[in-house]
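Q: Numbering-wise (this note's numbering), the sequence shown opens with residue 116 and increments by one. One structure, pasted below without further comment.
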Amino acid sequence: MKVTVVGTGYVGLVSGTCLAEVGNDVLCLDVDPEKIRILQEGGIPIYEPGLLDMVRRNVAAGRLRFTTDVADAVAHGTIQFIAVGTPPDEDGSADLQYVTAAARAIGRHMNEFKVVVDKSTVPVGTADKVRAAIAEELGRRNAQLEFSVVSNPEFLKEGAAVDDFMRPDRIVIGADDERAVELMRALYAPFQRNRERLIVMDVRSAELTKYAANAMLATRISFMNELANLAEKLGADIEMVRQGIGSDPRIGYHFLYPGCGYGGSCFPKDVQALQRTARLDAGIELKVLNAVEDANDDQKRVLSTKVKTKFGNDLNGRKFAVWGLAFKPNTDDMREAPSRYLLADLFAAGATVTAYDPVALHEAQRVFGDEPRLTYADSPMAALAGADALIIVTEWKEFRCPDFEAIKRSLKTPTVFDGRNLYEPKLVRSFGIDYQAIGRK
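Next comes the structure, spelled out in structure tokens:
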């Protein structure tokens, strides 16, 4: 199949590359010439494990190309994926200007039947807006051309996006046109050879499914974080509680790990967008999601609160080592990352920070600019030099088995604030380190 993907961010680039990997002829469009330059020169503008090699392999095979030419991109694919950003607007709603601009471009340039696929995470009713935008552009040209609009939400985890696309647990297709459904079924056939993963539903249900999935996962995280905070007060161990409730098959173990809050480009944005949709479009208040968001906002400051409890509210003259800046491992994404809130609190209290992250240092330099109170280290142990305490924010694998003796020797006040519960408290404390985790006894 000939496929066009509009947008070369996480969703667009991963989707286009994986579709090329199974033999499709894919053309990726982006209006950002810098992104296209990087891609055409053999690089990628994002960090995602396994993606660079796959991009290079499919470019070399002639199945994957990149362009800034809108007309060429629209002419190329029978299936047109819209995978552009939908950043939160000031009121928390998803900003659809890039989605509708992509739809208008398709309507302006198409000369034959197209299946237009909303791959971006968009509010319920967006397909109607896309359909109207395309129809309006066709009307201006007096063009009588058929097209279908399909919702095909992505369920990709940053850091595991390639594997998620190549081995999906489900493929949701929202469509009211059988011709479009059959084309989408054929497109995804290579990804479901051992069992049927494709779920066909109406468009609005598909749009809501994506938001519902992310809202449910965010709810589990905030619930466990609140339980962890309660466990600390009651003298219980949240790890024992996690095992006790996770063993119930109705609950399961997924997303039951307490920590210092969720971040990234999806959960915060999607929870807010779903709240706004409910409030403004349906006239109801999603009370559970309001609590989820409030709990997460508080949790992002749990580490700085622990630091101030230990060292006092005035941190002038104090220096802290921070391990991990990305919002999760295997990505350089720092959008809404807990590290940003932690560092802001530390700086406001007068502290300085030396940070280490195996991937996100370049992104951190963009985020924090020339912040004079922040320096970067090239290894975890180097970050400890001259620090009063260590704060762990991201659960990178290389942090799992550190040299605790060396940590104790390096820190002025041997203290580890662990925002991801990486270690057994008894083990760390046996080295003479004050170990403060989230909800651990």
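Yeah, the Cβ is synthetic: ideal placement off N, Cα and C, and Gly gets one too.
In chain order, what residues of the same chain have a beta carbon less than 7 Å from the beta carbon of Leu167, not counting five sequence neighbours either side?
A: Here residue 167 refers to the residue found at position 52 when the sequence shown is read from its first residue. The residues are Ile159.
Q: Could you compute how far the alpha carbon of Cys143 sits from the alpha carbon of Gly177?
A: Here residue 143 refers to the residue found at position 28 of the sequence shown. Here residue 177 refers to the residue found at position 62 of the sequence shown. Roughly 13 Å between the two C-alpha positions.
Q: Which residues bound the alpha helix (DSSP H) around Cys133?
A: By 1-based counting over the sequence shown, the position of residue 133 is 18. Taken as a continuous stretch (DSSP letters only), the alpha helix (DSSP H) holding Cys133 covers Tyr125 to Glu136.
Q: Mapping DSSP to helix, strand and coil, what is Arg319?
A: As a first step, residue 319 must be located in the sequence shown, where it is residue number 204. Arg319: helix per DSSP, three-state reduction.
Q: Suppose contacts are defined by Cβ-Cβ distances below 8 Å. Is Trp438 in contact with Phe514 by that definition?
A: For the purposes of this step, residue 438 is taken as residue 323 along the sequence shown, with counting starting at 1. For the purposes of this step, residue 514 is taken as residue 399 along the sequence shown, with counting starting at 1. Yes, the Cβ-Cβ distance between Trp438 and Phe514 is below 8 Å.
Q: Give the range of the alpha helix (DSSP H) segment to which Leu167 is assigned.
A: Along the sequence shown, one-based indexing puts residue 167 at 52. Its alpha helix (DSSP H) spans residues Leu166 to Ala175.
Q: Can you look up Phe262 in the DSSP assignment and give me helix, strand or coil?
A: Working through the sequence shown from its first residue, we reach residue 262 at position 147. Correct three-state label for Phe262: strand.
Q: How close, in whole Å, do the beta carbons of Gln387 and Glu408 come, if the pair is a contact with beta carbons under 8 Å?
A: Translated into the one-based positions of the sequence shown, residue 387 becomes position 272. Translated into the one-based positions of the sequence shown, residue 408 becomes position 293. Contact flag correct, Cβ pair sits at about 7 Å.
Q: For the 8 Å Cβ check, are there 3 or more pairs between the segment 232-249 and the segment 318-326?
A: yes
Q: Over what stretch of residues does the alpha helix (DSSP H) that includes Thr201 continue unbroken?
A: The sequence position of residue 201 within the sequence shown is 86, counting from 1. First-last for Thr201: undefined, no H or E at that position.
Q: Given a cut-off of 8 Å on the beta-carbon distance, is the pair Ala304 and Val265 in contact?
A: Along the sequence shown, read from residue 1 onward, the residue named residue 304 stands at position 189. Along the sequence shown, read from residue 1 onward, the residue named residue 265 stands at position 150. No, the Cβ-Cβ distance between Ala304 and Val265 is not below 8 Å.
Q: Hey, which unbroken runs of the beta strand (DSSP E) at 3 residues or more fall wholly within the segment 229-279?
A: 229-233 and 262-266
Q: Bridge partners for Lys434 per DSSP, in chain order?
A: Residue mapping note: residue 434 aligns to position 319 of the sequence shown, counting from 1. Answer is Thr467, bridged to Lys434.
Q: Identify, in the order they occur along the chain, each residue of the same chain with its Cβ nearer than 8 Å to the Cβ of Lys523, setting aside the five sequence neighbours on each side.
A: In the sequence shown, counting from the first residue as 1, residue 523 sits at position 408. These residues qualify, in order along the chain: Pro529, Phe546, Gly547 and Ile548.
Q: How many Å lie between Val245 and Glu341 at the Cα?
A: Looking up residue 245 in the sequence shown gives position 130. Looking up residue 341 in the sequence shown gives position 226. Distance between the alpha carbons of Val245 and Glu341: 40 Å.
Q: Just reading off the alpha helix (DSSP H) that Val601 is part of, what are its end residues?
A: This structure gives no information on residue 601, because the portion of the chain shown stretches from 116 to 556.
Q: With DSSP collapsed to three states, give me the class of Thr420.
A: Counting from one through the sequence shown, the residue named residue 420 turns up at place 305. Residue state, collapsed to three classes: helix.
Q: Is it true that the CB of Lys443 sits closer than 8 Å to the CB of Gly274?
A: Here residue 274 is taken as the residue at index 159 of the sequence shown, counted from 1. Here residue 443 is taken as the residue at index 328 of the sequence shown, counted from 1. Less than 8 Å divides the Cβ of Gly274 from the Cβ of Lys443.
Q: Looking only at DSSP bridge pairs, what is Val146 linked to?
A: For the purposes of this step, residue 146 is identified with residue 31 of the sequence shown, where counting begins at 1. The partner list for Val146 (beta bridge, DSSP) is empty, contrary to what the question assumes.
Q: Suppose only complete runs of 4+ residues qualify. What are the alpha helix (DSSP H) ranges in the segment 370-404, listed by chain order?
A: 382-391
Q: Whole angstroms is fine: what's the gap from Leu395's alpha carbon to Pro202's?
A: Along the sequence shown, one-based indexing puts residue 395 at 280. Along the sequence shown, one-based indexing puts residue 202 at 87. Answer to the nearest angstrom: the Cα atoms are 18 Å apart.
Q: What does the Cβ neighbour count give for Ile399, buried or exposed, with the cut at 16 atoms within 10 Å?
A: As a first step, residue 399 must be located in the sequence shown, where it is residue number 284. With fewer than 16 other Cβ atoms within 10 Å, it is exposed.
Q: In terms of residue numbering, what span does the beta strand (DSSP E) encompassing Asp533 cover?
A: Here residue 533 refers to the residue found at position 418 when the sequence shown is read from its first residue. Asp533 -> beta strand (DSSP E) spans Thr530 to Asp533.
Q: Taking only the alpha-carbon atoms, compute the straight-line gap between Val231 and Thr182 and give it to the nearest angstrom.
A: As a first step, residue 231 must be located in the sequence shown, where it is residue number 116. As a first step, residue 182 must be located in the sequence shown, where it is residue number 67. Spanning the two alpha carbons is a distance of roughly 18 Å.
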